[in-house]
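Structure first, then comments.
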Amino acid sequence: MEQGTERAARETRDHPAVTGVARAGMAAYGVVYVIVGWLAAQLALGHPDGSASGQGALEQLRDQPLGAVVLWLVAVGLAGLVVWELCQAVGGHRDQEGARRWLARAVSAGRGVVFAVLAVLAVRTASGGGASGGGSGGGGLTGRLLALPVGPAMVVLVGLGIAGVGVFSIVHAMSDRWRRGVEPQARAGTLGSVVTALARIGFATRGVAFLVLAGMFAWSGVTHDPSKSGGLDQAIVRFRDEPYGPAAMVVVALGLGCYGLFHVLRAAFLRED
1 MEQGTERAAR ETRDHPAVTG VARAGMAAYG VVYVIVGWLA AQLALGHPDG
51 SASGQGALEQ LRDQPLGAVV LWLVAVGLAG LVVWELCQAV GGHRDQEGAR
101 RWLARAVSAG RGVVFAVLAV LAVRTASGGG ASGGGSGGGG LTGRLLALPV
151 GPAMVVLVGL GIAGVGVFSI VHAMSDRWRR GVEPQARAGT LGSVVTALAR
201 IGFATRGVAF LVLAGMFAWS GVTHDPSKSG GLDQAIVRFR DEPYGPAAMV
251 VVALGLGCYG LFHVLRAAFL RED
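Pasting the structure below:
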């Protein structure tokens, strides 16, 4: 029964329509992060033009000509990517065995959840709705969690979960595990050098930004103060108070842009296993 389920998942994943939409979704995900990098650079230069987050990037897309149409296409692509990743979680990663395969499948499932959240945000943004925000100003999800009896502990756990994503991202950069997700031609020659540089810089920078964000959530839980948490843009702003802060923020912005460009390229060389 399990083998039949895995086979069905692979057949679904390998269908040209699913693969095509998944590639479009991967490219859209990359574009979102390129815009996040641009918005982060605006923060670094003292000219904020929207929130340097996924929601902020989607709002930037909405404000462009035919923006709502583009956002609906982004949502469709991300939905296809959700299906693709879930099929990977069920029947993919056959090049690995034992615990490593189970870990890879869990990671695919986690990515599917992330893409699903972005797809929902794209639909809400396209239809004129906003996202229920994070933890600034004493409101949002963090404030509601802290109001619960076990809320502070839950917020700390959220911080630890975000820290896990950050560490995983840095490990991904240093170990070159990202190579398993792209076809061999994207790992060789001049193109391979470009893809490698974008992936290493992008994953490492994203990891550092998520670790800062995780620390903010954990501190918010410890102090019972929702204003201590925030989104990715607030995490980036934390660099401003450090030595060479604006320069560090520009580096982070460029790194997030590299992360986005890597995924745009990965869309063209999406590997199935």
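For what it's worth, my numbering labels the leading residue of the sequence shown as 1, then goes sequentially. Just so it is clear, CB atoms sit at the ideal spot from N, CA and C, and this is done for glycine as well.
In angstroms, rounded to a whole number, what distance separates the CA positions of Val34 and Val76?
-> 19 Å
If we ignore side chains and look at the alpha-carbon of each, how far apart do Trp72 and Arg100 end up?
-> 36 Å
Write down every uninterrupted run of the beta strand (DSSP E) in the segment 150 to 210 whose length is 3 residues or greater and which is fully enclosed by it, in chain order.
-> none
How would you label Gly138, buried or exposed, when you count the other beta carbons within 10 angstroms and need 16 or more for buried?
-> Low local confidence applies: a pLDDT of 43 at Gly138 is under 50, so the model's placement there is unreliable, with the coordinate-based value given in what follows. Exposed.
Note down the Cα distance separating Arg10 from Ala268, rounded to an integer number of angstroms.
-> 19 Å
Since Ser108 is in the alpha helix (DSSP H), which residue starts that stretch and which ends it?
-> Gly98 to Ala126
Select from Gln60, Arg271, Gly110 and Ile201 the residue whose C-alpha is nearest the C-alpha of Gly164.
-> Gly110
Taking three-plus beta-carbon pairs below 8 Å as touching, is the segment 158 to 173 in contact with the segment 242 to 255?
-> no
Opposite Leu270 in the DSSP bridges: which residues?
-> Val182
For Glu6, which of helix, strand or coil comes out of DSSP?
-> helix
Kindly indicate which residue of Met216, Thr196 and Gly215 has the alpha-carbon position closest to the one of Phe262.
-> Thr196
Can you give me the start and stop residues for the alpha helix (DSSP H) that Ala40 sits inside?
-> Pro16 to Ala44
CA-CA distance, Gly133 and Ser108?
-> Reliability fails at Gly133, whose pLDDT of 42 lies under 50, so the model's placement of it is uncertain and the value that follows must be treated cautiously. Each residue's Cα considered, the two are about 26 Å apart.
Rounded separation between Ala89 and Gly56 - CA only = 29 Å
Per-residue DSSP class, three states only, for Leu148 = coil
Span of the alpha helix (DSSP H) holding Arg94?
-> No alpha helix (DSSP H) contains Arg94, which DSSP labels as neither H nor E.
Mind checking which residues open and close the alpha helix (DSSP H) that includes Arg62?
-> Gly54 to Arg62
Alpha carbon to alpha carbon, how far is Thr5 from Trp38? Give it in angstroms, no decimals.
-> 42 Å
Cβ of Val156 within 8 Å of Cβ of Gly207?
-> no
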